[in-house]
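**Q** Below: one structure in structure tokens.
Now the structure itself:
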């Protein structure tokens, strides 16, 4: 979507795809490729790029989240309620310590639920927290999907979000969050099983 | 007009090769709505599984679904996700909760004006749509408001 800025009027005027989701609530479709290289931390120190450290990762879903024909007991969830606590415990960080978030957007509604289930806001205060001013880099308190993500960069099935998290920690993003040391990524919302990851700079070890 | 809720030209549903959901499709031909229920602990479940998710018994059968359904959620489709749908937009898929069958949920298309307001909790009943001219005739279970 480079060179095609979207404002609130353009978003509202877009055609429906499936109500309640309009055209700009749905991810892009494109071809492409992406990869991540994971090596032992000792070896990473000798590579050309600044190392980024995997602090935690989790994968799974809630009880019977995969029940067929829309029958999971907990229907309106991004599937992170059981995963987020595991991720934070493994990484040893809290939501308040996350500097930048990459949240998978198959559809926009899933992002709101993902952020709530990762403790960045609540159902009650989502409208006050999830504002343009808060979500934008470099000045927002909760910079979100700084590369444009699945909606505006490319749909690499979320791998581009993982790569953007790495760029943020290296200080190489085109929408850099100043001094970002901890980045959280989540993927596969609403579809069991989901997964998430926290990466950090050497200063977080 | 096909007389059905969706245009002609969509692929016909087929019972799964493993036979697990065959009793559902056979009952639909008789205009009867059935769902899976455990013979041991009496838990309802949908879709069909080989064992009861509550007590893990393999003795699960199919029983008629009692009572009405209620609209649990809905969406209104405007984008033709299949070429045959270009002439049939919009349409309203609904998730129907069946309170008297353990709150299991089923899917279908809601009959009536697709642009009319849809209310969560509205009472619905199954609408059996017979596709007699198909190579292997089948019956789809759709939904209509009961007004009650």
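Protein chains in written order, with this note's numbering: chain A, 1 to 205; chain B, 1 to 148.
Backbone N, C-alpha and C define an ideal beta-carbon position, used for all residues, glycine too.
No experiment lies behind these values; they were computed from the predicted model shown.
1. Could you tell me whether the Cβ of residue 13 of chain A comes closer than 9 Å to any Cβ of chain B?
2. Kindly give me the distance between the Cβ atoms of residue 145 of chain A and residue 197 of chain A, rounded to whole angstroms, as I take these residues to be in contact under 8 Å.
3. Does residue 137 of chain A come out as helix, strand or coil in the three-state DSSP assignment?
4. Rounding to the nearest angstrom, what Cα-Cα distance links residue 20 of chain B and residue 91 of chain B in this structure?
5. Specify, as a first and last residue, the run of the alpha helix (DSSP H) that residue 43 of chain A falls within.
6. Along the alpha helix (DSSP H) that carries residue 114 of chain A, what are the first and last residues, could you check?
7. Mind checking who residue 128 of chain B pairs with in its DSSP beta bridge?
8. Of all the CB atoms in chain B, is at least one closer than 9 Å to the CB of residue 68 of chain A?
9. Report all residues from its chain with a CB closer than 6 Å to the CB of residue 69 of chain B; omit the five preceding and five following residues, and keep chain order.
10. Residues bridged to residue 91 of chain B by DSSP?
11. With a threshold of 9 Å between beta-carbons, can residue 57 of chain B be considered close to chain A, or not?
12. Whole angstroms are fine: how far does the CA of residue 127 of chain A sit from the CA of residue 23 of chain A?
13. Give me the Cα-Cα distance between residue 81 of chain A and residue 173 of chain A, rounded to the nearest whole angstrom.
14. Compare the C-alpha of residue 29 of chain A against each of A:11, A:150 and A:15 and name the closest.
15. Would the beta-carbon of residue 85 of chain B be found less than 8 Å away from any heavy atom of the ligand GDP?
16. Pair every Cβ in the stretch 111-126 of chain A with every Cβ in the stretch 83-101 of chain A, then say whether three or more of these pairs are closer than 8 Å.
17. Mind checking residue 160 of chain B: buried by the 16 CB within 10 Å criterion, or exposed?
18. For the pair the stretch 186-193 of chain A and the stretch 127-141 of chain A, tell me if three or more CB-CB distances fall below 8 Å.
19. Pairs of beta-carbons, one from the stretch 53-65 of chain A and one from the stretch 1-14 of chain B, closer than 8 Å: are there three or more?
20. Could you please give the first and the last residue of the uninterrupted beta strand (DSSP E) stretch that includes residue 34 of chain B?
21. Starting from the beta carbon of residue 64 of chain A, find every residue of chain B whose beta carbon is closer than 7 Å, and list them in chain order.
22. Going by the beta-carbon positions, is the gap between residue 143 of chain B and residue 108 of chain B smaller than 9 Å?
23. Quick one: does residue 1 of chain A have its CB under 9 Å from some CB of chain B?
24. With 16 other CB atoms within 10 Å as the buried threshold, where does residue 11 of chain A fall?
25. Between the stretch 126-141 of chain B and the stretch 24-36 of chain B, do three or more beta carbon pairs fall short of 8 Å?
26. Could you spell out the range, first to last residue, of the beta strand (DSSP E) harbouring residue 64 of chain B?
27. Using a threshold of 9 Å, state whether the C-beta atoms of residue 59 of chain B and residue 40 of chain B are closer than that.
28. Taking 9 Å as the cut-off, decide whether the C-beta atoms of residue 55 of chain A and residue 96 of chain A are in contact.
29. Use the C-beta contact count for residue 93 of chain B: other C-beta atoms within 10 angstroms, 16 or more gives buried, fewer gives exposed.
30. Does any C-beta atom of chain A lie closer than 9 Å to the C-beta of residue 79 of chain B?
31. In chain order, what residues of the same chain lie with their CB nearer than 6 Å to the CB of residue 184 of chain A, ignoring the 5 residues before and after it?
32. Rounded to whole angstroms, what's the CA-CA distance from residue 182 of chain A to residue 15 of chain A? Just pull it up for me.
33. When Cβ atoms are compared, which residues of the stretch 25-52 of chain B fall closer than 9 Å to chain A?
34. Return no unless some Cβ of chain A is closer than 9 Å to the Cβ of residue 95 of chain B.
**A** Quick answer:
1. Numbered from 1 along the first chain, position 13 holds the residue referred to as residue 13 of chain A. No, because no Cβ of chain B sits closer than 9 Å to the Cβ of residue 13 of chain A.
2. Counted from its first residue, the first chain places residue 145 of chain A at position 145. Counted from its first residue, the first chain places residue 197 of chain A at position 197. Contact doesn't hold; Cβ gap of about 15 Å is too wide.
3. Locating residue 137 of chain A in the first chain gives position 137, counting from the first residue. Residue 137 of chain A falls in the coil class under three-state DSSP.
4. Taking the second chain and counting its residues from 1, the one referred to as residue 20 of chain B is at position 20. Taking the second chain and counting its residues from 1, the one referred to as residue 91 of chain B is at position 91. Roughly 29 Å separates the two Cα atoms.
5. For the purposes of this step, residue 43 of chain A is identified with residue 43 of the first chain, where counting begins at 1. Its alpha helix (DSSP H) spans residues 41-44.
6. Against the first chain, residue 114 of chain A aligns to sequence position 114. It spans 108-117 - the alpha helix (DSSP H) in which residue 114 of chain A sits, taken as one unbroken run.
7. Numbered from 1 along the second chain, position 128 holds the residue referred to as residue 128 of chain B. Partner(s): B:141.
8. For the purposes of this step, residue 68 of chain A is identified with residue 68 of the first chain, where counting begins at 1. Taking Cβ atoms only, chain B reaches closer than 9 Å to residue 68 of chain A, which makes this a yes.
9. What you label residue 69 of chain B is simply residue 69 of the second chain in a count that begins at 1. Result list for residue 69 of chain B: 96, 98 and 124, in chain order.
10. Residue mapping note: residue 91 of chain B aligns to position 91 of the second chain, counting from 1. DSSP output for residue 91 of chain B lists B:77 as bridge partner(s).
11. If you number the second chain from 1, residue 57 of chain B lands on position 57. No, its Cβ sits nowhere closer than 9 Å to a Cβ of chain A.
12. In the first chain, counting from the first residue as 1, residue 23 of chain A sits at position 23. In the first chain, counting from the first residue as 1, residue 127 of chain A sits at position 127. Roughly 21 Å between the two C-alpha positions.
13. Stepping through the first chain from its first residue, residue 81 of chain A is reached at position 81. Stepping through the first chain from its first residue, residue 173 of chain A is reached at position 173. Their backbone Cα atoms lie some 29 Å apart in a straight line.
14. Along the first chain, read from residue 1 onward, the residue named residue 29 of chain A stands at position 29. Out of A:11, A:150 and A:15, A:150 has the C-alpha closest to the C-alpha of residue 29 of chain A.
15. Absent from the structure shown: the ligand GDP. Ligands present: none.
16. yes
17. Because chain B is modelled from 1 through 148, residue 160 of chain B falls outside the range shown and cannot be assessed.
18. no
19. no
20. Mapped onto the second chain, residue 34 of chain B falls at position 34. Its beta strand (DSSP E) spans residues 34-38.
21. In the first chain, the residue the question calls residue 64 of chain A occupies position 64. Per Cβ cutoff of 7 Å: 53.
22. Along the second chain, read from residue 1 onward, the residue named residue 143 of chain B stands at position 143. Along the second chain, read from residue 1 onward, the residue named residue 108 of chain B stands at position 108. Yes; because the gap between Cβ atoms is below 9 Å, this pair is in contact.
23. Here residue 1 of chain A refers to the residue found at position 1 when the first chain is read from its first residue. No, residue 1 of chain A lies away from the interface with chain B (no Cβ there is under 9 Å from its Cβ).
24. Stepping through the first chain from its first residue, residue 11 of chain A is reached at position 11. Under this definition residue 11 of chain A is an exposed residue.
25. yes
26. In the second chain, the residue the question calls residue 64 of chain B occupies position 64. Residue 64 of chain B -> beta strand (DSSP E) spans 60-64.
27. Taking the first residue of the second chain as 1, we reach residue 59 of chain B at position 59. Taking the first residue of the second chain as 1, we reach residue 40 of chain B at position 40. Cβ distance < 9 Å, so residue 59 of chain B and residue 40 of chain B count as in contact.
28. Taking the first chain and counting its residues from 1, one reaches residue 55 of chain A at position 55. Taking the first chain and counting its residues from 1, one reaches residue 96 of chain A at position 96. Cβ distance not < 9 Å, so residue 55 of chain A and residue 96 of chain A don't count as in contact.
29. Locating residue 93 of chain B in the second chain gives position 93, where the first residue counts as 1. Burial call: buried.
30. Indexing the second chain from 1 puts residue 79 of chain B at position 79. Yes - at least one Cβ of chain A is within 9 Å of the one on residue 79 of chain B.
31. Stepping through the first chain from its first residue, residue 184 of chain A is reached at position 184. Closer than 6 Å at Cβ, skipping near neighbours: 98, 101 and 198.
32. Taking the first residue of the first chain as 1, we reach residue 182 of chain A at position 182. Taking the first residue of the first chain as 1, we reach residue 15 of chain A at position 15. Near 37 Å, if we compare the C-alpha coordinates of residue 15 of chain A and residue 182 of chain A.
33. 45, 46, 47, 48 and 49
34. What you label residue 95 of chain B is simply residue 95 of the second chain in a count that begins at 1. For residue 95 of chain B, the answer is yes, since a Cβ of chain A falls inside 9 Å of its Cβ.
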